[in-house]
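Numbering-wise (the working numbering), the sequence shown opens with residue 698 and increments by one.
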Amino acid sequence: MPSTSHESATGVAVATAKWHARVPLRQAALAQIAAVLVVGGIVWGSGFASVDAVALSLIQGIIAASLGRYMGMDCWWIPIHALFVPGLLWMLTFDFPPTYALMAFCLLASLYWTVSRTRVPLFLSSRGATQAVANVLPSDRSFTFLDMGCGTGGVLSSLARTRPSGNYHGIESAPLPFLVSRLRAITGSGRCSVTWGDYGELDLGRFDVVYAYLSPAAMRDVWRKASSEMRPGSVLISNSFAVPGVPPALTISTGASDGSRLLLWRM
Ligand SMILES: C[S@@+](CC[C@H](N)C(=O)[O-])C[C@H]1O[C@@H](n2cnc3c(N)ncnc32)[C@H](O)[C@@H]1O
Numbered sequence: 698m699p700s701t702s703h704e705s706a707t708g709v710a711v712a713t714a715k716w717h718a719r720v721p722l723r724q725a726a727l728a729q730i731a732a733v734l735v736v737g738g739i740v741w742g743s744g745f746a747s748v749d750a751v752a753l754s755l756i757q758g759i760i761a762a763s764l765g766r767y768m769g770m771d772c773w774w775i776p777i778h779a780l781f782v783p784g785l786l787w788m789l790t791f792d793f794p795p796t797y798a799l800m801a802f803c804l805l806a807s808l809y810w811t812v813s814r815t816r817v818p819l820f821l822s823s824r825g826a827t828q829a830v831a832n833v834l835p836s837d838r839s840f841t842f843l844d845m846g847c848g849t850g851g852v853l854s855s856l857a858r859t860r861p862s863g864n865y866h867g868i869e870s871a872p873l874p875f876l877v878s879r880l881r882a883i884t885g886s887g888r889c890s891v892t893w894g895d896y897g898e899l900d901l902g903r904f905d906v907v908y909a910y911l912s913p914a915a916m917r918d919v920w921r922k923a924s925s926e927m928r929p930g931s932v933l934i935s936n937s938f939a940v941p942g943v944p945p946a947l948t949i950s951t952g953a954s955d956g957s958r959l960l961l962w963r964m
């Protein structure tokens with residue numbers, strides 16, 4: 698049985714929901730295009746004198762990184778901006794067939810397409826976290842369970858096997874993880890279903906237990922939704938991420954080496 702302790706919900710850094718943070722992809726594209734235009738202007742202004750492509754790409758990178766920073770993008774965008782065009786130029790030297798690039802793009806898009814909007818990438822609950830969730834589920838009566846953003850469905854299929862008295866449901870917005878979790882739900886044991894969509898449009902009042910492993914950026918909205926829709930007596934569980942200003946009723950260590958914990962609120 699995992700150890701339990703009460704603690705404040707303020708320990709996890711919470712990202713501020715600024716407009717610029719909600720649409721980083723649009724801003725990134727803007728910074729890159731503006732930098733390309735500036736470099737194009739330099740080339741044009743020099744009368745198309747022979748200029749070194751690598752030097753130009755580096756100048757473009759520096760301008761894009763500066764613009765990104767000026768627009769208030771997070772500092773981890775700086776190396777991405779600085780190296781994006783030089784990286785493209787470098788890749789061209791390998792003469793890869795363009796289909797490889799297209800395939801890599803499709804794979805990444807099917808995994809992360811919704812991240813620019815949701816700010817929740819795909820990473821999976823550890824075995825310890827799944828076991829800790831199993832430990833708090835009722836074993837003597839039926840219940841309904843939701844994994845909001847179920848990823849590849851590992852939590853659902855494991856719980857459906859070890860706690861068969863539950864009715865499990867997952868919702869996932871990214872195409873490839875959705876397909877994998879749907880397949881696992883169809884082929885696995887227990888009562889388990891998965892739908893493709895946005896958990897924002899799901900009524901949380903249908904569930905006795907709602908599990909979320911999302912990101913700090915999502916927790917304010919999750920709490921707003923949970924507190925207005927979940928029934929009295931139902932339980933919200935967040936893996937690792939706190940709700941700003943709302944201390945959990947219980948914190949449970951998952952025992953995993955990453956130090957993750959479950960935070961529980963009884964509604
Ligand atoms: C950190 S992963 C957790 C996956 C799984 N719940 C687990 O614990 O292993 C979060 C998942 O939520 C999905 N997601 C994020 N926002 C979502 C939304 N608004 N609606 C549905 N799925 C969402 C992401 O695509 C991602 O696969």
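Every residue gets a Cβ at the ideal spot worked out from N, C-alpha and C, and that includes glycine. Quick caveat, the model's predicted, so the values are computed rather than measured.
Closest to residue i by CA distance: which of the options is it?
{"i": "W962", "options": "R766, A939, L880", "result": "A939"}
{"i": "L821", "options": "M916, A779, A909, R921", "result": "A909"}
{"i": "S754", "options": "V735, L727, I739, P783", "result": "P783"}
{"i": "M927", "options": "L901, S950, C803, M770", "result": "L901"}
{"i": "A762", "options": "R723, L780, R881, S747", "result": "L780"}
{"i": "A953", "options": "G765, T790, A829", "result": "A829"}
Is residue i near ligand 1, judged by its Cβ being under 7 Å from some heavy atom?
{"i": "V943", "result": "no"}
{"i": "T811", "result": "yes"}
{"i": "V852", "result": "yes"}
{"i": "T796", "result": "no"}
{"i": "F781", "result": "no"}
{"i": "W791", "result": "Checking the displayed sequence, the identity of residue 791 turns out to be Phe instead of Trp. Flag unset: Cβ of F791 not near ligand 1."}
{"i": "C847", "result": "yes"}
{"i": "I760", "result": "no"}
{"i": "V817", "result": "yes"}
{"i": "E869", "result": "yes"}
{"i": "P874", "result": "yes"}
{"i": "Y896", "result": "yes"}
{"i": "L933", "result": "no"}
{"i": "F842", "result": "no"}
{"i": "L880", "result": "no"}
Quick check: residue i and residue j, are their CB atoms within less than 8 Å of each other?
{"i": "S931", "j": "D895", "result": "no"}
{"i": "F840", "j": "S862", "result": "yes"}
{"i": "T948", "j": "L933", "result": "no"}
{"i": "C889", "j": "L843", "result": "no"}
{"i": "I759", "j": "V736", "result": "no"}
{"i": "A915", "j": "R816", "result": "yes"}
{"i": "G887", "j": "R858", "result": "yes"}
{"i": "V891", "j": "G846", "result": "no"}
{"i": "A726", "j": "G765", "result": "no"}
{"i": "S957", "j": "S937", "result": "yes"}
Distance cutoff 8 Å, beta carbons only. Does residue i sit that close to anything in chain D?
{"i": "S855", "result": "The structure shown has no chain D; it contains just one protein chain."}
Tell me the start and end of each unbroken alpha helix (DSSP H) in the stretch 839-906 that is at least 4 residues and wholly inside, in chain order.
Fully enclosed alpha helix (DSSP H) runs of 4 or longer: 851-859, 872-884.
State whether the stretch 822-837 contacts the stretch 769-786, with contact taken as three or more CB pairs (one from each stretch) at a distance under 8 Å.
Too few Cβ pairs lie closer than 8 Å, so no.
Please give the ranges of any beta strand (DSSP E) in the stretch 904-964, keeping only runs that are unbroken, at least 3 residues long and fully inside the region.
DSSP runs (the beta strand (DSSP E)) wholly in the stretch 904-964: 906-909, 932-936, 947-950, 958-963.
Decide yes or no for the touch test of the stretch 805-823 against the stretch 864-880: beta carbon pairs closer than 8 Å, at least 3 of them.
When Cβ pairs closer than 8 Å are counted between the two stretches, the stretch 805-823 is seen to touch the stretch 864-880, the count reaching three or more.
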